[in-house]
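**Student:**
2 protein chains.
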Amino acid sequence: MIEPPRDLDELRRRAAALTGRTLSTTASLHTKGKTGTLVEELLGATGRGAVHDFPELGVELKTVPVDAQLRPRESTYVCRISLAEAEHAEWETSWVRSKLSHVLFVPIHERTVLAPVFWRPTAEQERALRADFDELMGLIGRGRIEDVTAHDGELLQLRPKARDGSVRTTAFDRDGELVSTVPRGFYLRARFVGSLLTPRP
Amino acid sequence: MIEPPRDLDELRRRAAALTGRTLSTTASLHTKGKTGTLVEELLGATGRGAVHDFPELGVELKTVPVDAQLRPRESTYVCRISLAEAEHAEWETSWVRSKLSHVLFVPIHERTVLAPVFWRPTAEQERALRADFDELMGLIGRGRIEDVTAHDGELLQLRPKARDGSVRTTAFDRDGELVSTVPRGFYLRARFVGSLLTPRP
DNA sequence: CCGGATCCAAGTATGGATCCTG
DNA sequence: CAGGATCCATACTTGGATCCGG
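Structure (structure tokens):
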């Protein structure tokens, strides 16, 4: 086990030191979440179950599979949402805002680690994220969960998040009744994360 | 896997048929909850996670370790309580009342199964149980959780229920603040269960 | 004795994400 | 191409209770 980084500079140095390294080709690495967990361990993340991967630094780590042009091949999962509490949710105190307040993106091309990118939302980006949040949570709060699709939201989208369709949670419908539905999570659109990895002036 | 009993008579017959049987002496049976789980399986209980062990019959199964005089060697665990919701809890709709509305006690002496006892609370017993419930939940509802000990309650008592002291839950203190404390559960006192196993006219 | 502390197995939830059809 | 579906490992929770020191 690797000690947690003592400050942001140490985390920067560790992340930079991984650049160009190739992750092991072991069969056990071919499963969905294994790359992310391995990079967490290599950087000394300790926040399993906490709000951030690096709780003292308030930094969230995300590995992103990319192509040779640094374009993400997938969207990036952020966190789950509580459908039943959507009506009272506020952006300022939301889990998704906390997670996204400071992110370390580690792009992975095939098995090679590329240059890390630290990101904090600009004022403009935060306005757009908040607008997505308000739109999505507003719909859910008004009982429209089944009308929400991954088409909604400019930067943030809402998608199913569960092992399979047999996992259920509850939400309110338009009549205010509790109904069973599939769990959802927030995701960052691939094109947005792509713009963060290759900034244009 | 054994099919669930179709009616109460079938459950009675199965429980009676276990009387005098000796549970296997396998090392794997020497752990705390294993006897209860084994008897559940032998009787065809299906209610893992449900309110009752036999959901269709509304019957709860409890194995009770006893001495040669049928005196329980331990108190009997009933269920957990939600400390944070204690203030609004009512006996009529409580989990503990449901659990205790119909119980099949299976006494175990060393590894031998003794005669089963079906029990439904008499009116008098239910009054006493309710009095204990109201006393305990009233204290907790008023933020006095840390003043409640296993001395309180005539038939029902409240005791810690967790792997070890590191597991925590939350309750309200006297100032209405949420505080961390150890999870609790309801238990039936050993002397009360003893009186149910050896009724005196 | 018995009140407070603890133990194990199994099921569920969570965090890590990628898979895969139309 | 990307929205909806799904996969794995690990942590946490729950239900089964018994352990053990004062």
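The listed protein sequences correspond, in order, to chains A and B.
Here the first sequence is numbered in the working numbering, starting from 9 and rising by one per residue.
Here the second sequence is numbered in the working numbering, starting from 9 and rising by one per residue.
Heads up, the beta-carbon is just placed ideally off N, CA and C, and yes, glycines get one too.
#1: If you drop the 5 nearest sequence neighbours on each side, which residues of the same chain put their C-beta closer than 6 Å to that of B:Gly44?
#2: Run the CB neighbour count on B:Arg192, radius 10 Å, all protein chains shown included, and call it buried at 16 or more, exposed below.
#3: Does A:Ile116 come out as helix, strand or coil in the three-state DSSP assignment?
#4: Threshold first: 3 residues or longer. Then list the beta strand (DSSP E) segments lying entirely within the stretch 69 to 142 of chain A, N to C.
#5: Is the stretch 182 to 197 of chain A touching the stretch 72 to 88 of chain B in the sense that three or more CB pairs, one from each, lie closer than 8 Å?
#6: My output table needs one value for B:Gly193: the three-state DSSP class, helix, strand or coil.
#7: For B:Thr45, report the span of its alpha helix (DSSP H) as first-last.
#8: The beta strand (DSSP E) that contains A:Ala179, what's its start and end?
#9: Just the Cα atoms here: how many angstroms apart are B:Pro4 and B:Ala136?
#10: By DSSP, does B:Leu31 sit in helix, in strand, or in coil?
#11: Do you know how far the Cα of A:Arg182 is from the Cα of B:Ser106?
#12: State buried or exposed for B:Val59, treating a residue as buried only when at least 16 other CB atoms are found within 10 Å of its CB.
#13: Buried or exposed: which applies to B:Ile153, given that a residue is buried once 16 or more other Cβ atoms fall within 10 Å of its Cβ?
#14: Under 8 Å, with one C-beta from each stretch per pair, do the stretch 61 to 68 of chain A and the stretch 163 to 180 of chain A reach the 3-pair mark?
#15: Please report the distance separating the alpha-carbon of A:Asp210 from that of B:Ser203.
#16: In terms of alpha-carbon separation, which member of A:Leu196, A:Leu50 and A:Asp142 lies closest to A:Arg29?
#17: Roughly how far, in whole angstroms, is the beta-carbon of A:Thr74 from the beta-carbon of A:His117, given that I think they are within contact range, below 8 Å?
#18: At what residues does the alpha helix (DSSP H) containing B:Leu19 begin and finish?
#19: The alpha helix (DSSP H) with A:Arg199 in it runs from where to where?
#20: Can the beta-carbon of B:Arg119 be found less than 8 Å from the beta-carbon of B:Leu26?
#21: Considering A:Arg167, what are the terminal residues of the beta strand (DSSP E) in which it resides?
#22: Taking A:Arg88 as the reference, which of A:Val104, A:Glu95 and A:His159 has the closest Cα?
#23: Should A:Val175 go down as buried or exposed, given a rule of 16 or more other Cβ atoms within 10 Å for buried?
#24: With A:Leu147 and A:Gly161 assumed to form a contact (beta carbons below 8 Å), what rounded beta-carbon distance in angstroms separates them?
#25: So, is A:Ala94 buried or exposed, given that buried needs 16 or more other C-beta atoms within 10 angstroms?
#26: Mind checking who A:Val156 pairs with in its DSSP beta bridge?
#27: Exposed or buried, what is A:Asp15 when buried is set at 16 or more other beta-carbons lying within 10 Å of its beta-carbon?
#28: Would you grab the beta carbon distance between B:Pro124 and B:Ala23 for me? Rounded to a whole angstrom, and I think it's under 8 Å.
#29: Going by other Cβ atoms of all chains shown within 10 Å of its Cβ, with 16 needed for buried, is B:Pro207 buried or exposed?
#30: In the DSSP assignment, what residue or residues form a beta bridge with B:Val67?
#31: If contacts are defined as beta-carbon pairs under 8 Å, then B:Phe126 and B:Leu112 qualify, I think. What distance do you get, rounded to the angstrom?
#32: Out of curiosity, what's the CA-to-CA distance linking B:Thr54 and B:Trp99?
#33: Relative to the C-alpha of B:Thr178, which residue among B:His159, B:Leu91 and B:Glu11 is closest?
#34: Quick check on this structure: which residue in A:Tyr195, A:Thr39 and A:Phe200 has the alpha carbon closest to the alpha carbon of A:Tyr85?
#35: Between A:Asp142, A:Gly57 and A:Leu69, which has its C-alpha nearest A:Ala97's C-alpha?
**Tutor:** In short, the structure shows the following:
#1: Position 36 of the second sequence, counted from the first residue, corresponds to residue 44 of chain B. Contacts found: Thr71.
#2: Position 184 of the second sequence, counted from the start, is the residue given in the question as residue 192 of chain B. Answer is buried; the Cβ neighbour count reaches 16.
#3: Walking along the first sequence from the start, residue 116 of chain A turns up at place 108. Of the three classes helix, strand and coil, the one that applies to A:Ile116 here is strand, per DSSP.
#4: 84 to 88, 111 to 117 and 125 to 127
#5: no
#6: Sequence index remark: in the second sequence, residue 193 of chain B carries index 185 (1-based). Strand, per DSSP.
#7: Translated into positions along the second sequence, residue 45 of chain B becomes position 37. Note, B:Thr45: alpha helix (DSSP H), Lys42 to Leu51.
#8: Sequence index remark: in the first sequence, residue 179 of chain A carries index 171 (1-based). Note, A:Ala179: beta strand (DSSP E), Thr177 to Phe180.
#9: Residue 4 of chain B lies beyond the range of chain B shown here (9 to 209); nothing can be said about it.
#10: Taking the first residue of the second sequence as 1, we reach residue 31 of chain B at position 23. Residue state, collapsed to three classes: coil.
#11: As a first step, residue 106 of chain B is located in the second sequence; it is residue number 98 there, counting from the start. As a first step, residue 182 of chain A is located in the first sequence; it is residue number 174 there, counting from the start. If I take the Cα positions, the gap works out to 33 Å.
#12: Mapped onto the second sequence, residue 59 of chain B falls at position 51. Answer is exposed; the Cβ neighbour count stays below 16.
#13: The residue you call residue 153 of chain B lines up with position 145 of the second sequence. The residue is buried, with at least 16 neighbouring Cβ atoms inside 10 Å.
#14: no
#15: This structure leaves residue 210 of chain A out entirely; chain A is present only between 9 and 209.
#16: Position 21 of the first sequence, counting from 1, holds the residue named residue 29 of chain A. Nearest C-alpha to A:Arg29: A:Leu50.
#17: Along the first sequence, one-based indexing puts residue 74 of chain A at 66. Along the first sequence, one-based indexing puts residue 117 of chain A at 109. It should be noted that the sequence gives Val, not Thr, for residue 74 of chain A. Confirmed, about 5 Å.
#18: Locating residue 19 of chain B in the second sequence gives position 11, where the first residue counts as 1. Taken as a continuous stretch (DSSP letters only), the alpha helix (DSSP H) holding B:Leu19 covers Leu16 to Leu26.
#19: Residue numbering aside, residue 199 of chain A sits at position 191 when the first sequence is read from its first letter. Note, A:Arg199: alpha helix (DSSP H), Ala198 to Leu205.
#20: Stepping through the second sequence from its first residue, residue 119 of chain B is reached at position 111. Stepping through the second sequence from its first residue, residue 26 of chain B is reached at position 18. No, the Cβ-Cβ distance between B:Arg119 and B:Leu26 is not below 8 Å.
#21: The sequence position of residue 167 of chain A within the first sequence is 159, counting from 1. First-last of the beta strand (DSSP E) with A:Arg167: Leu164 to Pro168.
#22: What you label residue 88 of chain A is simply residue 80 of the first sequence in a count that begins at 1. The candidate whose alpha carbon is nearest that of A:Arg88 is A:Val104.
#23: Taking the first residue of the first sequence as 1, we reach residue 175 of chain A at position 167. Classification of A:Val175: exposed, given that the 10 Å Cβ count is below 16.
#24: Position 139 of the first sequence holds residue 147 of chain A. Position 153 of the first sequence holds residue 161 of chain A. The Cβ separation is near 10 Å, so there is no contact.
#25: Position 86 of the first sequence holds residue 94 of chain A. Its Cβ being crowded by 16 or more others within 10 Å, A:Ala94 is buried.
#26: The residue you call residue 156 of chain A lines up with position 148 of the first sequence. According to DSSP, A:Val156 bridges with nothing at all.
#27: Counting from one through the first sequence, the residue named residue 15 of chain A turns up at place 7. Label assigned to A:Asp15: exposed.
#28: Counting from one through the second sequence, the residue named residue 124 of chain B turns up at place 116. Counting from one through the second sequence, the residue named residue 23 of chain B turns up at place 15. The pair is a contact, with the Cβ atoms about 4 Å apart (cut-off 8 Å).
#29: Here residue 207 of chain B refers to the residue found at position 199 of the second sequence. Its Cβ having fewer than 16 others within 10 Å, B:Pro207 is exposed.
#30: Here residue 67 of chain B refers to the residue found at position 59 when the second sequence is read from its first residue. Its beta-bridge partners are B:Phe62.
#31: Residue 126 of chain B sits at position 118 when you count from the first residue of the second sequence. Residue 112 of chain B sits at position 104 when you count from the first residue of the second sequence. That pair is a contact at about 6 Å.
#32: Within the second sequence, numbered from 1, the residue matching residue 54 of chain B stands at position 46. Within the second sequence, numbered from 1, the residue matching residue 99 of chain B stands at position 91. So the two alpha carbons sit approximately 26 Å from each other.
#33: Stepping through the second sequence from its first residue, residue 178 of chain B is reached at position 170. Checking every option, the nearest Cα to that of B:Thr178 belongs to B:Leu91.
#34: On the first sequence, position 77 is the one that residue 85 of chain A refers to. Comparing Cα-Cα distances from A:Tyr85 to each of A:Tyr195, A:Thr39 and A:Phe200, the minimum goes to A:Tyr195.
#35: As a first step, residue 97 of chain A is located in the first sequence; it is residue number 89 there, counting from the start. Answer by Cα proximity: A:Asp142.
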